[in-house]
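Heads up: the structure comes next, in structure tokens.
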Amino acid sequence: MSRIGIRPVIVPKEVKVDIKAKTVTIEGPKGKLVRVLPDRISAEFKDGKILVSRVANTKIDKSLHGLHRALLVNMVKGVTEGYVKEMEIIGTGFRAAIQGNTLNMLLGFSHPV
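Right, here's the structure in full:
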């Protein structure tokens, strides 16, 4: 649980990090994300790295420590690379097509879904 939280979050040069009180703002080429940390977790930005720390060594603090470090890593990844969700349709007779900005699926009904 807490081993993940110990590692620093490496921030690329094109990403801007702003930490005020318990609010972490990460801004990059793909957008801006904001996260409010719980009272038992704190973060600081130093030398291109985000360091996440916890108040105590209780079980809940350790789990929150690792969770919020992982969330910050995903935020940095999201503002630099973006997120992609790929779908795989498996089945006999199922078809899907993209028309403009709409996904039309033929799943055995009398009309497209």
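Under this note's numbering, residues 392 to 504 are what the sequence shown spells out, in order.
Every residue, glycine too, gets a C-beta built ideally from N, C-alpha and C.
Given the structure is predicted, the values throughout are model-derived calculations rather than measurements.
- If you draw a 10 Å sphere on the C-beta of leucine 498, you find fewer than 16 other C-beta atoms in it, and that means exposed.
- Between leucine 428 and valine 446, the C-beta gap is not smaller than 8 Å, which leaves the two residues out of contact.
- Nearest C-alpha to serine 433 among Gly473, Arg460 and Leu494: Arg460.
- Segment contact: the stretch 466-476 against the stretch 410-424, three or more CB-CB distances shorter than 8 Å; contact assigned.
- Boundaries of the alpha helix (DSSP H) around valine 470: 450-471.
- Taking the CA atoms as reference points, glutamate 435 sits about 37 Å from methionine 478.
- The beta carbon of lysine 411 sits closer than 7 Å to no other beta carbon from its chain once the five residues preceding and following it are set aside.
- Residues Pro399 and Glu435 of the same chain have their beta carbon placed closer than 6 Å to that of leucine 442, with the five preceding and five following residues left out of the count.
- For the pair asparagine 495 and glycine 484, the Cα-to-Cα distance works out to about 14 Å.
- By the neighbour-count criterion, in which 16 or more other beta carbons inside 10 Å mark a residue as buried, glycine 396 falls on the buried side.
- Glutamate 418: member of the beta strand (DSSP E) spanning 414-419, first to last residue.
- Restricting attention to Val464, Phe500 and Ala488, the CA atom closest to the CA of proline 403 is found in Val464.
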